[in-house]
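Chemist: Residue numbers (the working numbering): 266 to 680.
The C-beta atom is built at its ideal place from N, Cα and C for all residues, glycine as well.
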């Protein structure tokens, strides 16, 4: 498996991951204290030792309705198979990986302090600046789930670097929608001051009610009152579910993000043997061994959130490189809430033509996306036969020019 690190700076977050995701808040990028697997230019192991950055945008659904049909059915089966999740303490990541950070980030080193166990669910370091919680991989969902508490009730949600919000289901059935996401009690919440909205997740659209309640990762921790979204049936059914969003920076008119309401400057999602989510009030990516993040989608194309985004240096399928237009950059979004890959229509059609011309048996057999680190090294993220769908001709943002690739767990994690 591999880590992905992202660091949060200015309006941009970053994470490091093998599969580790880190989030820090400084101008420009992302650092992580978690170690990452370094990827040399010649290294071609699947996902091992690669890092990338991610920015956030307002559209959280990357697949067209038709293209998502298979994904929706697969997710439905996954949800049916899900079982209860118990959070256990997890050790910190121990390998060296390049992190995801913005080019303007200054290296910030952090000092590891002795940790003490709060419960079997969360580990807090001695000065309270960092907390680590266990993540559970659910094969039925092809996703990682984190547990947390709202108004004293335990909830589970998919760790999602492609959306910004803390959410919970509107239901209170023990096994509603085929998974025990948690039991909502509106009488234990209070008014957030925000009106209801229509949101889109995983190609589902539905009403979201915005409430406020005490939040913690463990029921023995002090609670912090946070605004969260309550999902109705439209967002829970089919391929939907409950998401734990890790995009921090959004436009002012967007509802508050989870991380935007906290003092955490960085996060680290480590998806190796002991999968964990670490949140830190300090930067966690030292040095220049990271993939620079960019904010073009937000600044130039008016995406309402700052996605974790990097520029691709290369895109190779079945050993054949796809020509990338130098005048129109290829943007890559890293999304742990997506299982496969989604690509812009131009790239998808170009790949179709290439495969026909070469009479290839597999359209998306071996896929590799490469990036250049701040130090000048090359990093690759690879996957074998990832579920791939076109984004369609309509881009999520106005006047968007360029190619867009959304990489999911097929590239970020290896079972």
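Check residue 521 in the structure and name its three-state DSSP category.
Modeler: Looking at residue 521 - three-state DSSP - the assignment turns out to be coil, as it is neither helix nor strand.
Chemist: Assign residue 640 to one of two classes, buried (16 or more other C-beta atoms within 10 Å of its C-beta) or exposed (fewer than that).
Modeler: Answer is exposed; the Cβ neighbour count stays below 16.
Chemist: What residues match up with residue 587 in a beta bridge as DSSP calls it?
Modeler: Residue 587 pairs with nothing; no bridge assigned.
Chemist: What is the DSSP secondary structure of residue 425, reduced to helix, strand or coil?
Modeler: Looking at residue 425 - three-state DSSP - the assignment turns out to be strand.
Chemist: On a CA-only basis, which of 675, 621 and 594 is nearest residue 633? Give me that one, please.
Modeler: Nearest C-alpha to residue 633: 675.
Chemist: Looking at C-alpha atoms only, which residue of 471, 628, 413 and 539 is the closest neighbour of residue 481?
Modeler: The residue with the shortest Cα to Cα distance from residue 481 is 413.
Chemist: In whole angstroms, give me the CA-to-CA distance for residue 599 and residue 435.
Modeler: Approximately 28 Å, taken between the alpha carbons.
Chemist: Run through DSSP, which three-state label would residue 577 get?
Modeler: Coil.
Chemist: Once you ignore the five residues that flank residue 455 on each side, which residues in its own chain have a CB closer than 6 Å to its CB?
Modeler: Correct list, in chain order: 477.
Chemist: In whole angstroms, give me the CA-to-CA distance for residue 593 and residue 425.
Modeler: The alpha-carbon atoms of residue 593 and residue 425 are separated by roughly 28 Å.
Chemist: Grouping DSSP H, G and I as helix and E and B as strand, with all else coil, what is residue 442?
Modeler: Confidence at residue 442 is low in this model, with a pLDDT of 48, below 50, so the placement of that residue is unreliable and no value is reported for it.
Chemist: For the beta strand (DSSP E) containing residue 479, list its first residue and its last residue.
Modeler: Unbroken beta strand (DSSP E) run through residue 479: 469–481.
Chemist: Suppose the cutoff is 7 Å on Cβ atoms and the five residues either side in sequence are ignored; what does the same chain contact list for residue 402 look like?
Modeler: Answer for residue 402: 409 and 540, listed in chain order.
Chemist: By how many angstroms is the C-alpha of residue 427 removed from the C-alpha of residue 324?
Modeler: In this prediction, residue 324 scores a pLDDT of 32, lower than 50, which makes its location untrustworthy; no coordinate-derived value is stated.
Chemist: Give the single residue among 637, 494, 536 and 614 whose Cα lies nearest to the Cα of residue 577.
Modeler: Checked all of 637, 494, 536 and 614; the closest Cα to residue 577 is 637.
Chemist: Here's the rule I'm using: 16 or more other beta-carbon atoms within 10 Å means buried, otherwise exposed. How should residue 621 be labelled?
Modeler: Counting Cβ neighbours within 10 Å, residue 621 comes out exposed, since fewer than 16 surround it.
Chemist: Can you tell me whether residue 648 is helix, strand or coil according to DSSP?
Modeler: Strand at residue 648.
Chemist: To test your reading of the DSSP string, which unbroken beta strand (DSSP E) runs of 3 or more residues are found completely within the region 490–549?
Modeler: Counting only runs of 3 or more, we get 508–510, 531–535 and 541–545.
Chemist: Within the present structure, is the beta-carbon of residue 613 separated from the nearest heavy atom of the ligand ATP by less than 7 Å?
Modeler: The model depicted lacks the ligand ATP and carries no ligand whatsoever.
Chemist: Nearest-angstrom Cα distance between residue 349 and residue 474?
Modeler: A caution first: residue 349 carries a pLDDT of 33, below 50, which makes its placement in the model too unreliable to give a value.
Chemist: Going by C-alpha distance, which of 606, 582 and 556 is nearest residue 627?
Modeler: The shortest C-alpha separation from residue 627 is found at 582.
Chemist: Are residue 568 and residue 629 close, meaning C-beta to C-beta below 8 Å?
Modeler: Result no, Cβ atoms of residue 568 and residue 629 do not sit closer than 8 Å.
Chemist: Going by CA-CA distance only, name the one from 466, 487 and 499 that's closest to residue 393.
Modeler: The option with the nearest alpha carbon to residue 393 is 487.
Chemist: Give the DSSP-derived three-state secondary structure of residue 557 in the structure shown.
Modeler: Correct three-state label for residue 557: strand.
Chemist: DSSP has residue 433 in a bridge; who is on the other side?
Modeler: In the DSSP output, where bridge partners are listed per residue, residue 433 has 495.
Chemist: For residue 618, count neighbouring Cβ atoms within 10 angstroms of its own Cβ and tell me buried if that reaches 16, exposed if not.
Modeler: Exposed, because fewer than 16 other Cβ atoms sit within 10 Å of the Cβ of residue 618.
Chemist: How big is the Cα-Cα spacing for residue 299 and residue 624?
Modeler: Here residue 299 scores only 30 on pLDDT, less than 50, and its place in the model should not be relied on; the value that follows carries that caveat. C-alpha separation (whole angstroms): 44 Å.
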